[in-house]
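Novice:
Numbering (UniProt numbering), first residue to last: 1 to 262.
#1: Compute the Euclidean distance between the alpha carbons of residue 166 and residue 245, then round it to the nearest angstrom.
#2: Have a look at residue 21 and residue 247 and give me their C-alpha separation to the nearest angstrom.
#3: Would you tell me roughly how many angstroms separate the C-alpha atoms of residue 6 and residue 155, rounded to the nearest one?
#4: Kindly confirm or deny that the segment 100-113 and the segment 55-69 touch, where touching means at least three C-beta pairs closer than 8 Å.
#5: Rounded to whole angstroms, how far is the Cβ of residue 186 from the Cβ of residue 128, which I believe are closer than 8 Å?
#6: Going by other Cβ atoms of all chains shown within 10 Å of its Cβ, with 16 needed for buried, is residue 41 buried or exposed?
#7: Please report the Cβ distance between residue 224 and residue 254, rounded to the nearest whole angstrom; I am assuming they are in contact, meaning their Cβ atoms lie under 8 Å.
#8: When DSSP labels each residue in this structure, what does residue 118 get in the three-state scheme?
#9: Could you give the first and the last residue of the continuous alpha helix (DSSP H) run that contains residue 261?
#10: Quick check: the Cα distance between residue 230 and residue 76, rounded to an integer number of angstroms?
#11: Is it buried or exposed for residue 81, if we count other Cβ within 10 angstroms and need 16 for buried?
#12: How big is the Cα-Cα spacing for residue 221 and residue 107?
#13: Look at residue 251 and residue 64 and say whether their C-beta atoms are less than 7 Å apart.
#14: Hey, residue 30 and residue 243: beta-carbon distance below 7 Å or not?
#15: If you count every other CB in all the chains shown that lies within 10 Å of the CB of residue 269, and 16 or more means buried, which is it?
Structure follows, in structure tokens:
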């Protein structure tokens with residue numbers, strides 16, 4: 001095979017291919033979850049429009065939410081585009097091109113959502129300098145995992161099945177661990193800040209605001225831990241595992257992001 005793609009591996013399928021009926025069922029379930037995630041992002045943009053109109057302000061928090069929703073929708077569009085695009089004779093090149101675009105969109109959307117979580121935590125915790133430094137460090141760590149993962153991706157071509165874009169196992173897990181570190185950082189700092197605000201005059205309002213953000217970051221942390229366990233317990237190259245985890249991840253992050261308007 002003549003290909004401009006350097007990291008191309010020729011291999012037999014490492015796992016049994018699903019039966020046509022099973023594959024269609026899995027795709028339908030995954031597409032339903034993706035549509036729910038897309039609906040959540042679109043509704044989030046609509047809620048954002050009315051929030052800006054009512055408050056008559058366009059602050060950093062709303063800008064991050066807007067950017068994150070646009071990046072999530074871009075990820076959805078690229079994912080579906082790969083299904084309908086007509087491949088060129090060089091399947092390996094197509095797999096690397098579309099896979100890289102999709103991987104960049106995934107990383108960009110997650111980095112944006114992580115930025116939202118960190119910024120929101122910083123705001124509700126009185127904008128302390130200490131947390132600002134911690135937030136920058138953990139976000140840069142997540143950026144490192146994303147850039148390394150994209151640069152080390154490769155293409156596997158299966159005899160009789162075409163080519164597929166793949167990420168290194170440890171780097172893929174590292175991405176999720178990076179998100180989990182951000183989630184637990186936000187969760188713990190909110191808990192610590194709650195102890196301080198319980199002694200203030202605005203303790204009831206502070207507790208309500210912090211509880212909302214605490215539930216969001218803690219829920220994301222649990223989900224990321226489950227995702228890491230899934231990657232360790234099962235073969236993440238298995239199309240079923242890859243599809244289900246990817247689609248659920250998209251839905252959960254979209255819900256967490258737009259819960260700001262609930």
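All C-beta atoms, glycine included, are put in the ideal place defined by N, C-alpha and C.
For clarity, every value in this text was computed on a predicted model and none was experimentally measured.
Specialist: Looking at the atomic coordinates:
#1: So the alpha carbons of these two residues sit roughly 15 Å apart.
#2: Residue confidence is low: residue 21 scores 43 on pLDDT, short of 50, so the model does not pin down where it sits. No coordinate-derived value is stated.
#3: Reliability fails at residue 6, whose pLDDT of 46 lies under 50, so the model's placement of it is uncertain and the value that follows must be treated cautiously. Spanning the two alpha carbons is a distance of roughly 9 Å.
#4: Touching, per the Cβ criterion.
#5: Their Cβ separation, rounded to whole angstroms, is 13 Å, which puts residue 186 and residue 128 out of contact at 8 Å.
#6: Burial is judged here by how many other beta carbons sit within 10 angstroms of a residue's own beta carbon; residue 41 has at least 16 and is buried.
#7: Actually they do not touch by this definition, with Cβ atoms about 15 Å apart.
#8: Looking at residue 118 - three-state DSSP - the assignment turns out to be helix.
#9: Note, residue 261: premise wrong, no alpha helix (DSSP H); not H, not E.
#10: Between residue 230 and residue 76, the C-alpha separation is close to 22 Å.
#11: In the assembly as shown, residue 81 is an exposed residue. Its beta-carbon has fewer than 16 other beta-carbons within 10 Å.
#12: For the pair residue 221 and residue 107, the Cα-to-Cα distance works out to about 17 Å.
#13: The Cβ atoms of residue 251 and residue 64 do not sit closer than 7 Å to each other.
#14: Taking 7 Å as the Cβ cut-off, residue 30 and residue 243 qualify as a contacting pair.
#15: Absent from the model: residue 269. The displayed extent of the chain is 1 to 262, so no value can be given.
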